[in-house]
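Residue numbers (full-length UniProt numbering): 1 to 326.
This is the structure we're talking about:
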């Protein structure tokens with residue numbers, strides 16, 4: 001089977017639209033259709049079927065797409081692993097949210113510059129969804145992402161994820177609010193009539209808010225969206241709502257954190273790569289360095305912004321047992 005046709009099928013399984021595949025692969029819808037038709041002839045069975053204005057993979061198409069992940073990963077590993085004994089050399093393209101870039105990637109770039117000058121890193125700042133799209137499109141080599149334990153990322157067999165660090169989050173409320181030493185649903189119950197502030201560039205923390213609120217028996221009124229956690233705090237001080245913050249966040253006057261437990265929302269970070277690509281020496285080196293950066297060297301005063309910020313994320317814990325991605 002033609003490798004390029006397998007790649008087209010895999011992209012189609014992800015996007016579900018011939019036009020979307022054509023846009024991503026910089027070709028025409030007609031060419032995509034012809035590639036899938038030729039692959040169907042090679043496979044001896046239909047691989048797609050219409051679904052409204054879109055298409056979906058047939059059971060045989062889904063099965064072949066699963067095989068394609070393994071086949072393409074093996075090909076990429078063979079292509080990249082040409083000289084394992086050589087000193088790593090090459091340009092690594094990394095996209096990630098700001099805090100992970102500052103806490104995890106920047107110390108590593110300094111080590112690379114000192115000890116492996118032939119390995120260069122190009123850094124792009126993006127939220128997790130954006131970074132994963134770039135990774136799937138082969139526009140970057142590694143994505144620094146996050147999810148929450150209460151809103152785990154869906155597994156993707158075409159990717160491999162390595163857990164890095166994690167940090168619990170709490171509820172940011174006005175400073176004159178009373179303490180609340182109780183399970184999370186009971187803490188949320190106190191704010192069932194409040195307005196809520198969530199991220200403007202992703203929905204992970206909103207899913208956490210809605211999950212705990214549902215355990216408390218109410219639907220939260222999400223009114224404001226802010227990417228900056230500093231802005232979120234100013235909104236809290238102004239009496240415009242409440243929202244989640246990392247536990248080691250440096251707070252402005254007028255804000256306090258109410259601990260959340262049973263369940264505790266925990267933000268978990270990952271280094272994500274395409275399956276099979278870790279045999280490329282520069283990428284393997286980068287992954288090992290990211291995993292070995294001591295947690296105590298990453299401490300700080302908490303996130304400046306949600307992912308795109310310039311501050312630190314708070315107390316560092318060990319990697320989670322379940323990384324949320326394969």
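Where a beta carbon is used, it is the ideal one built from N, C-alpha and C, also for glycine.
Just so it is clear, the structure is predicted and the values come from calculations on it, not from any experiment.
Residue 5 and residue 23 have their C-alpha atoms spaced approximately 16 Å apart. DSSP, reduced to helix, strand and coil, places residue 164 within a strand of the structure shown.
A straight-line Cα-Cα distance of about 10 Å links residue 169 and residue 261. Looking at the DSSP output, residue 247 bridges to nothing.
Annotation: the continuous alpha helix (DSSP H) that includes residue 188 extends over 184 to 189. Judged by DSSP in its simplified three-state form, residue 127 adopts coil rather than helix or strand.
Residue 255 sits close to residue 237, with the two beta carbons spaced by under 8 Å. Using a Cβ distance threshold of 8 Å, residue 129 and residue 273 do not count as a contacting pair. By the neighbour-count definition (other C-beta atoms within 10 Å, threshold 16), residue 73 is a buried residue.
Of the candidates 257, 181 and 48, the residue whose Cα lies closest to the Cα of residue 64 is 48. Looking only at 201, 271 and 104, the smallest Cα-Cα distance to residue 159 is reached by 271.
For residue 54, the closest C-alpha among the options 36, 19 and 137 is that of 19. Ranking 166, 62, 148 and 207 by CA distance to the CA of residue 46 puts 62 first. Following the DSSP letters along the chain, one finds residue 36 inside the alpha helix (DSSP H) bounded by residues 29 to 43. When 66, 131 and 113 are compared, the shortest CA-CA separation from residue 93 is found for 131.
Spatial neighbours of residue 40 in its own chain (CB-CB distance under 6 Å, excluding positions within 5 residues in sequence) are listed in chain order as 46 and 47.
By the 16-neighbour rule on beta-carbons within 10 angstroms, residue 36 is buried. Runs of the beta strand (DSSP E) spanning 3 or more residues and lying entirely within the segment 85 to 144 occur at 90 to 96 and 119 to 125, in chain order. Counting only runs of at least 3 residues, the segment 188 to 275 fully encloses the following beta strand (DSSP E) elements, listed from N- to C-terminal order: 195 to 198, 221 to 225, 243 to 246, 255 to 258 and 266 to 274. The distance from the Cβ of residue 148 to that of residue 267 is about 6 Å, consistent with a contact at the 8 Å cut-off.
Residue 172 is positioned such that its CB atom lies no closer than 8 Å to that of residue 221. Of all alpha-carbon atoms in 214, 104, 223 and 123, the one lying nearest the alpha-carbon of residue 162 is that of 104. The DSSP-derived three-state label of residue 53 is coil.
Rounded to the nearest whole angstrom, the C-alpha separation of residue 52 and residue 13 is 16 Å.
Under the three-state reduction of DSSP, residue 147 is assigned to strand. When the alpha-carbon of residue 136 is set against those of 281, 287, 211 and 275, the nearest one is in 275.
For the 8 Å CB-CB criterion, residue 25 and residue 11 form a contact. Within the same chain, Cβ atoms closer than 6 Å to the Cβ of residue 21 are found at 11, 12, 15 and 32, the five residues on either side in sequence being excluded.
Between the segment 279 to 287 and the segment 199 to 208, the count of C-beta pairs closer than 8 Å stays below three; the two stretches do not touch. Bounds of any alpha helix (DSSP H) do not take in residue 155, whose DSSP letter is neither H nor E. If you check the CB distance, residue 88 and residue 285 come in under 8 Å.
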